[in-house]
Every structure is written in structure tokens, then in C-alpha cells.
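Student:
Protein chains: 2
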Amino acid sequence: IGECWVFGVKKPFTEVIKANIGDAHAMGQKPITFLRQVLALCAYPDLLDDNKFPDDSKQRARRILEACGGHSIGAYSSSQGIECIRQDVARYIEKRDDGISSDPDNIYLATGASDAIVTMLKLLVCGKGRDRTGVMISIPQYPLYSAALADLAAVQINYYLDEDKCWSLDIAELKRAVTAARQHCNPRVICIINPGNPTGQVQSRQCIEDVIRFAKEEHLFLMADEVYQDNVYAEGCKFHSFKRVLFEMGPEYSTTVEMASFHSTSKCYMGECGFRGGYMEVINMDPEVKAQLTKLVSVRLCPPVPGQALLDLVVNPPQPDEPSYDKFMKERTAVLAALAEKAGLTEQIFNTVPGITCNPVQGAMYTFPRITLPQKAIDKAKAEGQVPDMFYCMKLLEEEGICLVPGSGFGQREGTFHFRMTILPPTEKLKFVLQKISDFHIRFTQEFS
Amino acid sequence: IGECWVFGVKKPFTEVIKANIGDAHAMGQKPITFLRQVLALCAYPDLLDDNKFPDDSKQRARRILEACGGHSIGAYSSSQGIECIRQDVARYIEKRDDGISSDPDNIYLATGASDAIVTMLKLLVCGKGRDRTGVMISIPQYPLYSAALADLAAVQINYYLDEDKCWSLDIAELKRAVTAARQHCNPRVICIINPGNPTGQVQSRQCIEDVIRFAKEEHLFLMADEVYQDNVYAEGCKFHSFKRVLFEMGPEYSTTVEMASFHSTSKCYMGECGFRGGYMEVINMDPEVKAQLTKLVSVRLCPPVPGQALLDLVVNPPQPDEPSYDKFMKERTAVLAALAEKAGLTEQIFNTVPGITCNPVQGAMYTFPRITLPQKAIDKAKAEGQVPDMFYCMKLLEEEGICLVPGSGFGQREGTFHFRMTILPPTEKLKFVLQKISDFHIRFTQEFS
Chain P
12 IGECWVFGVK
22 KPFTEVIKAN
32 IGDAHAMGQK
42 PITFLRQVLA
52 LCAYPDLLDD
62 NKFPDDSKQR
72 ARRILEACGG
82 HSIGAYSSSQ
92 GIECIRQDVA
102 RYIEKRDDGI
112 SSDPDNIYLA
122 TGASDAIVTM
132 LKLLVCGKGR
142 DRTGVMISIP
152 QYPLYSAALA
162 DLAAVQINYY
172 LDEDKCWSLD
182 IAELKRAVTA
192 ARQHCNPRVI
202 CIINPGNPTG
212 QVQSRQCIED
222 VIRFAKEEHL
232 FLMADEVYQD
242 NVYAEGCKFH
252 SFKRVLFEMG
262 PEYSTTVEMA
272 SFHSTSKCYM
282 GECGFRGGYM
292 EVINMDPEVK
302 AQLTKLVSVR
312 LCPPVPGQAL
322 LDLVVNPPQP
332 DEPSYDKFMK
342 ERTAVLAALA
352 EKAGLTEQIF
362 NTVPGITCNP
372 VQGAMYTFPR
382 ITLPQKAIDK
392 AKAEGQVPDM
402 FYCMKLLEEE
412 GICLVPGSGF
422 GQREGTFHFR
432 MTILPPTEKL
442 KFVLQKISDF
452 HIRFTQEFS
Chain S
12 IGECWVFGVK
22 KPFTEVIKAN
32 IGDAHAMGQK
42 PITFLRQVLA
52 LCAYPDLLDD
62 NKFPDDSKQR
72 ARRILEACGG
82 HSIGAYSSSQ
92 GIECIRQDVA
102 RYIEKRDDGI
112 SSDPDNIYLA
122 TGASDAIVTM
132 LKLLVCGKGR
142 DRTGVMISIP
152 QYPLYSAALA
162 DLAAVQINYY
172 LDEDKCWSLD
182 IAELKRAVTA
192 ARQHCNPRVI
202 CIINPGNPTG
212 QVQSRQCIED
222 VIRFAKEEHL
232 FLMADEVYQD
242 NVYAEGCKFH
252 SFKRVLFEMG
262 PEYSTTVEMA
272 SFHSTSKCYM
282 GECGFRGGYM
292 EVINMDPEVK
302 AQLTKLVSVR
312 LCPPVPGQAL
322 LDLVVNPPQP
332 DEPSYDKFMK
342 ERTAVLAALA
352 EKAGLTEQIF
362 NTVPGITCNP
372 VQGAMYTFPR
382 ITLPQKAIDK
392 AKAEGQVPDM
402 FYCMKLLEEE
412 GICLVPGSGF
422 GQREGTFHFR
432 MTILPPTEKL
442 KFVLQKISDF
452 HIRFTQEFS
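If you want it as C-alpha cells, here you go:
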């Protein structure tokens, strides 16, 4: 404690700060009381007799247990997930989308959103040679996508986000990418992450409309990764779900464009990554394809039931007339307000540093600033067989004990360099980290000038 | 309640009994108190101040929480699983195998054993055309294997268990199968399920030795599905782990034969299927292949942490000097004793029925009796486009409300028919089910004679 030794060498820092991964609890965020009370009641129903627990938490636990085989979260659920939880998810989506209807049969619970995303890609990818399925993903992207596509031997079609316009999506760029790809594969899917990971942008309603129009024209299945839907901080920004925009565009779109939307219990205000809870909603999917999807998810029996239970609470939180409401709202608001503050701080502090350019963190929980690296540093990295931003991040780790992910892990325009950092550390620690990185950047620039 | 209506028709039974799946809690088995107490404490650590919980459950919960990021089971773990839990698994294996050493670095925690099995098959399968990987699986088999192999485009190599010798494994049959397969693929893996699913046999030490010798001779990777290792009921039967036998055969084998063993929290006395906990131990795996395995498991981030916590308790149960010991042992023993009684009952009752032949249920939690079907029934089924044992099972479901799985779902020798039934229903209900099936079988035979 208070010292950090690596390979027998005492380091000039006292701990390694892992700002590389969106792991809220590991960064000190406390679990939301209501969620954990209900989970404890589900795990050990003897506690239902305990007067320490508020009535609404007991009601939720009873309702979940009644939907479980043998009234136990230790029983398998159906492969698609517990029915009453899928109903709650559908109602949550309807409320979120101002009444646009959602069918519980279109909801598939999953072992985190990553599981659902991999499953959906698996369902959609096929073909060989020039007929291989092409999947459009943004650059920078979340590496789950590139890993899954490589694993499935699909063709990854890169479209670049526009860093100069706050990582927004440009339809001309989508057209360029798909047209080029049609020469050597069969583009069938477009993946969008909104709010963005690693880039933290929140897409405008107009942009989403344009993407939907593009998907229709090009006959693409639309995969909307919306796991950060509650993580929107910037003024004037709002989360627009792809499904809602699709339905507001009228039947020409809402009855034809095939899409899936993904959500998770790991992000937003909960940050419950360890429970591996999540769902997808599929829309306009051919019934025969849907039957295949149901078969595909059944191989691994069912998603973890504690994660399903948690998801139920997330989509069906305490209501104003319930005893847990005030505390729940207070905790939820505090997490989201702190994140909003930290998003602002991050942009502000980084942009004071010469050689760091940082777009506003409009949403999600990451910043992806661009860093200018001196030519000597680039040469040194190459001589050592490392990509330059990896060289930078390794040096930062060794000298300051701060762990980031180099931009090359997500993809970036040739000749540009970035890193991804989460904004999750507690405010005071985040300020410390931002200052340390800033000092390091200035020192690094001097060292290699 | 008390009535069962299907498509507007009142059925002659009051509930559907799902004897088709090994889902202990759904069949009324109660969770083990100690396991659930610790899980509740992990979910809601405020309970650590509660004097209702025994001290050892609190100590376990504290130890698990200390190993979690931010002391929360809501944080991601490493992809391979929490280190101290992998250490506990290694110690459990050492104790089980009378001191043969186990390295925590060889343990991979997983989302149930099925996840680990699919991952391992994915790692081992490659090639195209005549070089495609062949994987030997028993017939009858657990359909996870055939589904995973089809998905990976591997070649399924069937070897038949010997029904006349209580579903034992015959090396001559293994040789026949692998020799024939070498004509059209590259056999690289042999999968064994012991105790057997769906067939309930427990393999002798001699048989396991023979299989290991066969695997060495044929250069096969050995996948030992040992999720029923605590479910052994028949007198004279004992669970022998493949790893232990491998090491007892001396360095010629213990340093050369590559293998993986799989275990789960879903079976044995716990029956905690919903938590999706499990692990695999890999032995003699090439370090570069192991590096690929570690990469492969990292795509989906980590196994569910509540399932990891549960696994920790299973491999590290209360000790004789701890306050929870007596209750834990009482509950554990009661579950296993009831299963042993039900295994005996099942064999005994089925074998009184003309046309049903049932091997002893030596272990696991299933019986796979052979049924004689009248030719007229076989013809009728074919006329309706159904396989005959599916026709039988559907009729049983419609007339008696009992759900079984037809033998054709697992594979069986041409011209023979079976069904799989779990022995999990409570004793009185099981007796009722056995009687209903027996009566049905006699009626069915008469109807089609």
C-alpha cells in the first residue's frame, strides 16, 4: 500500500489507474441500492421475511421468482429469456419511444450486449469469396466488432467518422465505403454505436434519419448499439433511438428496414458489468430468420438468470409512489450528474494542452483525444517495432501508472494518433489523472523534439 | 389450477411435467442455504452487518468481494476468471485427485460448462475438405456437441456406446470409428461424457485408461465432460477423473496427452443452472495455443461474476470446524441420497414393463431406456412424417402431460428407439410419472398391435 513495485523496481506512483476500460464499479462507483436489494432477495428468499427491505423491493423479487422455474433463479430460463422480463423490456421501450409498440416476442435477453451482438452477426454473416457478407463498422470502432467479424470470416467495411465535426457520421462517407466494398463482397449489415464508443459523440436526429434512408437504399440490416442510451451529457444533445426515428419516418421505412437494437446493464447509471445482462430487440425480421435466431441462442441454454433479474429492474425501476423511489432517483441522478461534470472537465483540461485536441464528450463514458506526436517519437516507436500511440501509452503506463488504450486499437485515419480514456474515475482522481497525462504529454513532446 | 387446457381442449392431466431437461430447481429441488447466503451477501454487502448470517458465509463473501474490482460483483473480472477463484478451483482439483498438482493458470472460468466446451471446440477445429477437423463423440450424445460441430463445420465422428454392456465404451468401436473417419477428415479430438448424459453410465478406471491410451496413439485431444462428477449412485461405481488416471499412468502419458476437463455449477447437488457457472482445466496445452485460447475468451469480456462466486463456494465448501458445515452437509447429502433412491426406482419400475428395457442409472441424472415400438406405430409415424420415437413422445405429452426427449434427439443405433427422462422430480412425483409412462407404454403397444 502506498508503493508500487514492478519487476523489482519501485515506481514513481502508488497505484496503477486503469482508465482503459468502462468498468464503473472497479473505478469506485457504488451499486444502486434498490437493484442490489432485489438481487439479494432473489438469491436468498428467506430475506423476504426481513423488515429491513422496503416493500417494493420485496414485490419485485417475488414477481421475478414467480416467473422462474421452481421459483428459483437457479433454474434455467427459456433461451430467449424469462417471458415477464421480456414483457417489461417491451414496455420500457414503448415508454422510451413515446408509445411506439414493442412486441415481447421480438426481445431476446442475452449475456451482456456483446453476446447479443456476436449472435446477431453470426446469424447475418454467410457466403464465400465475392459473396462473403460485408459488415460496415465505424472507424474508430469498439474492437468487439472487428474481433467478431474476423472470427466469422466476414468482410469488415470501414467507414470513417468525421473528427472535425465532433465524430459525426457523414452519409457521403457511408456511400463511398459501401460502393468500394461492393467490388469484392456482399455488404449486408451496417453497425452504428450511438452514443459512440470510443468517441463519445451523440448523433443528431437528422443523422439517424439519413442512416436509415441509406440502409433502406442499400438493403442493409441495421445494427444499433445503444448501450449508452442514458449516458448523454452535452447541452442540446438528446438520445434518439433508431427504432423511434424509423417508425416516425412512416410505413415506407417502419415496415421494411430490418434492424436490431442492443442494450445492456453494464453502462448508464448502473454500471453492473459483472452480471452480464443485456437484450436485443429485432424489428422487421423475417419469421424464418427469427426461428433460426431462436435456435441459435438455444445452444447455450439461457442467459444468466441473475443478469436477467437485474435487467428487469433497470427497465422497470421504482415508481414515484413506491418507497424506494426517492433513494433510487437520488443515487441515479448523482451518478449521471457526476459523469456529466467529468465529461466537461475532461474536454476542458485536455484542450488546454498543446498537442492534445479533444472533442466534447457528448455521451457514453469515454474521450478519444487526438495527440500530436513528434517525428522523433514516431521513428523511435517504429525502430522498436511498436505503433507510435502504443509506444506513447506504454511510456505513460511506466512513468505515471496510468493505463489507456492506444487509438490504433480502435482504428483511426492514417497518420493520426489518439488514445481512449474513460471518464469513470471519481472526480478528484480524474482531475489528478488528467493533470498527469497533460504533464506527461508536454514532457514527452519535449523529450522527442 | 388443477386443470390443464390446450387450444381450448381440457386435458386429462392437471399439469405438464417437464422431465425432459436436467433442471433441478425447476423440479422442486431447494437451493443449498450456504450457497445462497453467500450470494446474497455478495449482492448486497450491507447484509454483512446482519447477525442472521453465519460467520463463515460472511468470511466467504468478504473474500470474494475483496477479489472483485472495487469490491463489487458488478465489476468485470479478468476474462479467464477471478484469480483467487481459479486458485480455489485448482486446490479443489488437487484434493479430488489425491494431490496431483493443478495450476490456476490452466483454469478458465466460463459461462457454464457449455460455454467452455463450445470455446474449446472452436479453438481446436480448423481445416477444409479432407483436412477438416474430425471430432469423435459418443452416440447417444448430448446435442450441444452436434450443434457446436455443425456450427463450426467440423466433421462429427460417431462412436457407439454399448447398450448391452450398460452403455460402456468399447475401444474396438473407437478404433473402427477413427479409422473410417481418416478416409475423409483429420480426426483431432475425442469427447467423452462421464458420468454419461443421456445414458447415465459411470466409466470404470480400466475403460478410462484405455481411452487415454487410444487418445495418445491416435494423437487426439481429449475433452472430458465431467459435469456429473458428484452424481454417482450405483454400488461399486466410482468417479475417476480423466486427469487423475492420466497422471497415474506415468509421465509417458501425463506429459504428452493434451486434454481439457469441464465442470459446472448446474448439476451435482447444487443444480444451480441459472447462474451459468463453470470451468475448464487444460492440461499439456501448447503455450501458443493457450495464448490463443486466452484471446478467444476475452472477446466476450468475462463470465458472469455471480456464477464465478457460486463456483468458488462449490469448490471450497464449508469445512468441519465452520458453523455452516452441518447444515450444508445435511442438505447436500439429502439431495444426493434422494437422487440415488430415484435412480434405483427408475430402473426397477421401467424394467417391470414389457417392451421397456432400462440400464441401471449408475450416475448423472437421466435414464435412457430402450422402447420396443410395434410396426404399426412405426408405419403410422412415418406416414405422418415423424420419427417413431418422436411420435411416441408427442402422444405421451398429449395424453399424459409428461414431456420427454425422443432418443433420436441424442442419436441411437439404427432401428432402436429410446427416450431420455430426468430422475429429478421429487420421489412421489417420480413414482407417479414412472407409473404413467408404464401404463401409457402398455396402452400404446396395444393400440398399435
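These protein sequences, in sequence, are chains P and S. Note that the first sequence ends on residue 460 in this note's numbering; no numbers are left out. Note that the second sequence ends on residue 460 in this note's numbering; no numbers are left out. For each residue, glycine too, the CB sits at the ideal point set by N, CA and C. Values in this document were obtained by computation on a predicted structure and should not be read as measured data.
(1) Got a sec? Which residues, its chain only, sit under 6 Å from residue 93(S) by beta carbon, not counting five neighbours each side?
(2) If you run the structure through DSSP and keep just helix, strand and coil, what is residue 199(S)?
(3) Only counting the same chain, and skipping five residues up and downstream in sequence, which positions put a Cβ closer than 7 Å to that of residue 180(P)?
(4) With H, G and I counted as helix, E and B as strand and the rest as coil, what does DSSP make of residue 137(S)?
(5) Less than 9 Å between the beta carbons of residue 28(P) and residue 413(P), yes or no?
(6) Ordered along the chain, which non-local residues of its own chain (more than five positions away) have a Cβ less than 6 Å from that of residue 304(P)?
(7) Quick one: grab the DSSP three-state call for residue 128(S).
(8) Kindly list, in the order they appear in chain P, the residues whose Cβ is closer than 7 Å to that of residue 283(S).
(9) In the structure shown, what three-state DSSP assignment does residue 215(S) receive?
(10) Establish whether the CB of residue 238(S) and some CB of chain P are separated by less than 9 Å.
(11) Please list, in chain order, the residues of the segment 119-131 of chain S that have any C-beta partner in chain C closer than 8 Å.
(12) Thinking C-alpha only, which one of 430(P), 415(P) and 411(P) is nearest residue 21(P)?
(13) Below 9 Å on C-beta distance, what does residue 48(S) contact in chain P?
(14) For residue 254(S), count neighbouring C-beta atoms within 10 Å of its own C-beta (all shown protein chains included) and say buried if the count is 16 or more, exposed if not.
(15) If you follow the alpha helix (DSSP H) that residue 455(S) is in, where does it begin and where does it stop?
(16) Which residues mark the beginning and the end of the alpha helix (DSSP H) in which residue 473(P) is found?
(17) Output needed for residue 169(P): all residues of its chain with C-beta closer than 6 Å, excluding positions within five of it in sequence on either side, in chain order.
(18) Name, please, each residue of chain S whose Cβ falls closer than 9 Å to the Cβ of residue 311(P).
(19) May I ask you to report which of helix, strand or coil DSSP gives residue 429(P)?
(20) Here's a check: name, in chain order, each residue in its chain whose Cβ is nearer than 7 Å to the Cβ of residue 64(S), leaving out the five neighbours to either side.
(21) Give the DSSP-derived three-state secondary structure of residue 210(P) in the structure shown.
(22) Please list the terminal residues of the continuous beta strand (DSSP E) segment that includes residue 171(S).
(23) Can you have a look at residue 140(P) and say buried or exposed, based on whether 16 or more other CB atoms are within 10 angstroms of its CB?
(24) Would you kindly report the start and end of the unbroken beta strand (DSSP E) that includes residue 239(P)?
(25) So, are the CB atoms of residue 358(P) and residue 371(P) less than 9 Å apart?
(26) By the 10 Å Cβ neighbour count, where 16 or more other Cβ atoms means buried, how is residue 230(P) classified, buried or exposed?
(27) Which complete alpha helix (DSSP H) runs does the segment 280-312 of chain S hold, if anything under 4 residues is left out?
(28) Answer with buried or exposed for residue 375(P), where buried requires no fewer than 16 other C-beta atoms within 10 angstroms of its C-beta.
(29) Just to confirm my understanding: we take residue 46(S), look at its own chain, exclude 5 residues before and 5 after, and list those with CB closer than 8 Å. What are they?
(30) Please state the DSSP three-state secondary structure of residue 49(P).
(31) Mind checking residue 400(P): buried by the 16 CB within 10 Å criterion, or exposed?
(32) Let's see if you can read the secondary structure: which residues bound the beta strand (DSSP E) around residue 145(S)?
(33) Residues of chain S with CB closer than 7 Å to the CB of residue 80(P), please, in chain order.
(34) Which word fits residue 212(P), buried or exposed, when buried means at least 16 other C-beta atoms lie within 10 angstroms of its C-beta?
(35) Assign residue 278(S) to buried or exposed, taking buried as 16 or more other Cβ atoms, counted over all protein chains shown, within 10 Å of its Cβ.
(36) Would you please verify whether the beta carbon of residue 65(S) is less than 9 Å from any beta carbon of chain P?
Tutor: Put simply:
(1) Locating residue 93(S) in the second sequence gives position 82, where the first residue counts as 1. Within the same chain, Cβ atoms closer than 6 Å to the Cβ of residue 93(S) are found at 78 and 319, the five residues on either side in sequence being excluded.
(2) As a first step, residue 199(S) must be located in the second sequence, where it is residue number 188. Here residue 199(S) sits in strand by DSSP.
(3) To locate residue 180(P), count along the first sequence from 1; it is residue 169. 172, 214, 218 and 222.
(4) Translated into positions along the second sequence, residue 137(S) becomes position 126. Reduced to three states, the DSSP call for residue 137(S) is coil.
(5) Counted from its first residue, the first sequence places residue 28(P) at position 17. Counted from its first residue, the first sequence places residue 413(P) at position 402. Result yes, Cβ atoms of residue 28(P) and residue 413(P) sit closer than 9 Å.
(6) Taking the first sequence and counting its residues from 1, one reaches residue 304(P) at position 293. So the qualifying residues of the chain are 134.
(7) Numbered from its first residue, the second sequence carries residue 128(S) at position 117. Here residue 128(S) sits in helix by DSSP.
(8) As a working note, residue 283(S) is residue 272 in the second sequence. Under the 7 Å cutoff, chain P gives 85.
(9) What you label residue 215(S) is simply residue 204 of the second sequence in a count that begins at 1. Coil.
(10) Here residue 238(S) corresponds to residue number 227 of the second sequence, with the count starting at 1. Closer than 9 Å: no.
(11) Here the protein chains are P and S, and chain C is not one of them.
(12) As a position in the first sequence, residue 21(P) is number 10, starting the count at 1. Distance from the Cα of residue 21(P) is smallest, within the candidate group 430(P), 415(P) and 411(P), for 411(P).
(13) In the second sequence, residue 48(S) corresponds to position 37, counting from 1. What residue 48(S) touches in chain P: 54, 55 and 57.
(14) Position 243 of the second sequence, counted from the first residue, corresponds to residue 254(S). Looking at its Cβ environment, which holds 16 or more other Cβ atoms inside 10 Å, residue 254(S) is buried.
(15) Working through the second sequence from its first residue, we reach residue 455(S) at position 444. Unbroken alpha helix (DSSP H) run through residue 455(S): 438-458.
(16) With chain P running from 12 to 460 in the structure shown, residue 473(P) is simply not present.
(17) What you label residue 169(P) is simply residue 158 of the first sequence in a count that begins at 1. For residue 169(P), where only same-chain residues beyond five positions count, the Cβ hits under 6 Å are 150.
(18) The residue given as residue 311(P) occupies position 300 in the first sequence. One finds 122, 123, 125, 126, 129, 155 and 287 in chain S with Cβ atoms closer than 9 Å to the Cβ of residue 311(P), taken in chain order.
(19) In the first sequence, counting from the first residue as 1, residue 429(P) sits at position 418. In this structure, residue 429(P) counts as strand in the three-state DSSP scheme.
(20) Within the second sequence, the letter at position 53 stands for residue 64(S). Excluding sequence neighbours, residue 64(S) sits near 48, 52 and 58.
(21) Translated into positions along the first sequence, residue 210(P) becomes position 199. Coil.
(22) As a working note, residue 171(S) is residue 160 in the second sequence. Segment 166-171, the beta strand (DSSP E) holding residue 171(S).
(23) As a position in the first sequence, residue 140(P) is number 129, starting the count at 1. With fewer than 16 other Cβ atoms within 10 Å, it is exposed.
(24) Sequence index remark: in the first sequence, residue 239(P) carries index 228 (1-based). Premise fails: residue 239(P) is in no beta strand (DSSP E) and is neither H nor E.
(25) Position 347 of the first sequence holds residue 358(P). Position 360 of the first sequence holds residue 371(P). Yes, Cβ-Cβ distance for residue 358(P) and residue 371(P) is below 9 Å.
(26) One-based indexing of the first sequence puts residue 230(P) at position 219. By the 10 Å Cβ count, residue 230(P) comes out exposed.
(27) 298-309
(28) Start at 1 with the first residue of the first sequence, and residue 375(P) comes out as number 364. Classification for residue 375(P): buried.
(29) Position 35 of the second sequence, counted from the start, is the residue given in the question as residue 46(S). 281, 283, 321, 324 and 325, listed in sequence order.
(30) The residue you call residue 49(P) lines up with position 38 of the first sequence. The answer is helix: DSSP assigns residue 49(P) an H, G or I state.
(31) Here residue 400(P) refers to the residue found at position 389 when the first sequence is read from its first residue. Buried, by the Cβ-count rule.
(32) What you label residue 145(S) is simply residue 134 of the second sequence in a count that begins at 1. Taken as a continuous stretch (DSSP letters only), the beta strand (DSSP E) holding residue 145(S) covers 144-150.
(33) By one-based count along the first sequence, residue 80(P) stands at place 69. Chain S residues near residue 80(P): 34, 36 and 37.
(34) The count along the first sequence starts at 1 and reaches residue 212(P) at position 201. It is buried - the Cβ of residue 212(P) has at least 16 other Cβ atoms within 10 Å.
(35) Position 267 of the second sequence, counted from the first residue, corresponds to residue 278(S). Its Cβ being crowded by 16 or more others within 10 Å, residue 278(S) is buried.
(36) Numbered from its first residue, the second sequence carries residue 65(S) at position 54. By this cut-off, residue 65(S) is not an interface position.
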